[in-house]
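Same order as they appear, the protein sequences are chains A and B.
If you read the first sequence in my numbering, its first letter stands for residue 2, the second for the next number, and so on.
If you read the second sequence in my numbering, its first letter stands for residue 2, the second for the next number, and so on.
Report on one structure; see the data block that follows.
There are 2 protein chains.
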Amino acid sequence: MTTNNLPQEEASCPAEGILKQLSGKWKPQIFRLALDGPVRFNSLLRQLPGSNKQSVATALKEMEEADILVKTVVQEKPLHIEYTLSEKGQAMVSVFRSMEGFLN
Amino acid sequence: MTTNNLPQEEASCPAEGILKQLSGKWKPQIFRLALDGPVRFNSLLRQLPGSNKQSVATALKEMEEADILVKTVVQEKPLHIEYTLSEKGQAMVSVFRSMEGFLN
DNA sequence: GTTGGTAGTCATGTTTTTTTGACTAATTGA
DNA sequence: TCAATTAGTCAAAAAAACATGACTACCAAC
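Right under this line is the structure:
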């Protein structure tokens, strides 16, 4: 046992956690698209040029684990899966907006 | 020439830029320490357990290039270098605070 | 003139993230 | 039954980020 193997939460920097949860090549864009309503796997692939199945799948999974997105099986005609902003995700919108409003 | 080789600004996601500028293993913590006043290379190394010269140097350089920090040679007794929040850096504080206020 | 503090760079190696391409599996429509 | 759409998984490779250790260079004190 080492002297300090924290689960690597933000040891001293509260902003670190939320930054990590939104960081990565595709998460910001996925979050942004989710602002306009539920997003779907294949649709995201088409909307994110240069993306790929693996990366989008990983981003969705991690954002779900971070409780930013909620995964729902929609029992409709083509039977598909939707990812929607969770309550926490909704709460993050203000943070996201403050970043959007900040233009270099 | 490809159809779209942007300098990879935020092609469609305004938040992406600011997220990238604060992302990384050490930048959030450096930013946070810079809130309390000018920071210095060796001091940061001591204050950030597990960090190393290379990583801190890179973080400082990138944050300087992103115009978050301003590098100044202080013409005093021991003659040293200080990194201070730029105007843009100051403007980012509100964004940072909104992240700090957001507790999981 | 040697030690110690300032602030780094450089080459290399390891680790993490991202991409690629093949493959799976259920459902729907013709 | 065949083809397309849904939503993925898996192994491997490539790329990016991060760490290690040696080295540089300036200045001041002893």
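Yeah, the Cβ is synthetic: ideal placement off N, Cα and C, and Gly gets one too.
Treat the numbers as computed from the prediction; the structure is a model and nothing was measured.
Is there a Cβ of chain A sitting closer than 9 Å to that of residue i, yes or no?
i             : result
residue 64(B) : no
residue 93(B) : yes
residue 68(B) : yes
residue 89(B) : yes
residue 13(B) : yes
residue 55(B) : no
residue 38(B) : no
residue 45(B) : no
Spell out whether any CB of chain B is found under 9 Å from the CB atom of residue i.
i             : result
residue 41(A) : no
Going along chain A in order, which residues have a C-beta closer than 7 Å to the C-beta of residue i?
i             : result
residue 96(B) : 99, 100 and 103
How many Å lie between residue i and residue j at the Cα?
i              : j             : result
residue 62(B)  : residue 56(B) : 10 Å
residue 105(A) : residue 52(B) : 28 Å
residue 39(A)  : residue 48(B) : 43 Å
residue 103(B) : residue 43(A) : 31 Å
residue 84(A)  : residue 79(B) : 57 Å
residue 92(A)  : residue 71(B) : 33 Å
residue 100(A) : residue 87(B) : 17 Å
residue 96(A)  : residue 81(A) : 30 Å
residue 94(A)  : residue 36(A) : 8 Å
residue 66(A)  : residue 50(B) : 28 Å
List, in chain order, every chain B residue whose beta-carbon is nearer than 9 Å to that of residue i.
i             : result
residue 17(A) : 29, 30, 33 and 100
Can you name the residues of chain B whose CB is closer than 7 Å to the CB of residue i?
i             : result
residue 24(A) : 20 and 24
Find the nearest neighbour of residue i within the set the options, judged by alpha-carbon distance.
i             : options                       : result
residue 89(A) : 64(A), 14(A) and 26(A)        : 64(A)
residue 69(B) : 19(B), 45(B) and 98(B)        : 19(B)
residue 14(A) : 22(B), 15(B), 16(B) and 32(B) : 32(B)
residue 60(A) : 45(A), 74(A) and 73(A)        : 45(A)
residue 1(B)  : 77(B), 26(B) and 75(B)        : Because chain B here runs from 2 to 105, residue 1(B) falls outside it and cannot be looked at.
Name the DSSP beta bridge partners of residue i, please?
i             : result
residue 83(B) : 73(B)
residue 40(B) : 84(B)
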